[in-house]
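Following: one structure in structure tokens, then a few remarks.
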Amino acid sequence: MDTPSPNDHNDGRQRYRAWHRGTREADYMVGGFFDRYHAEWSDADRAWFDRLLACEDVDIMAWAMKMAPVPPEFDGPQMAAMQKLDYIEIPGT
């Protein structure tokens, strides 16, 4: 029997929050980003994502689409990965 990782509970909570943002567009962007990258995250990356999840969808989407400057606390490799937008999969397309 596999022993659960200490991050399993946090992953479930982050996955839920990532995929239940309030708009379908934000769900695909934030949830898709989580699904693509979370398995390789360090504890610091998970903390960054927790802070990001506390932000408004409109801000996250503007930063990811390079429509607004990224605040220094979110700027870095994870935001650069989010800005690629290559992780978004829209069902039925």
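Using our numbering, you'd call the opening residue of the sequence shown number 11 and step up by one each time. Glycine included, every Cβ here is placed at the ideal spot set by N, Cα and C.
Which class does Arg-31 belong to by DSSP, given the choice of helix, strand or coil?
-> coil
Specify the secondary structure class of Gly-22 as computed by DSSP and reduced to three states.
-> helix
Does the Cβ-Cβ distance between Met-67 and Arg-23 come in under 8 Å?
-> The displayed chain sequence assigns Asp, not Met, to residue 67. Against a cut-off of 8 Å, the Cβ pair of Arg-23 and Asp-67 comes out as no contact.
Residue burial classification, Met-75 (beta-carbon count within 10 angstroms, cutoff 16) | exposed
Distance, Cα to Cα, Ala-78 vs Ile-70?
-> 9 Å
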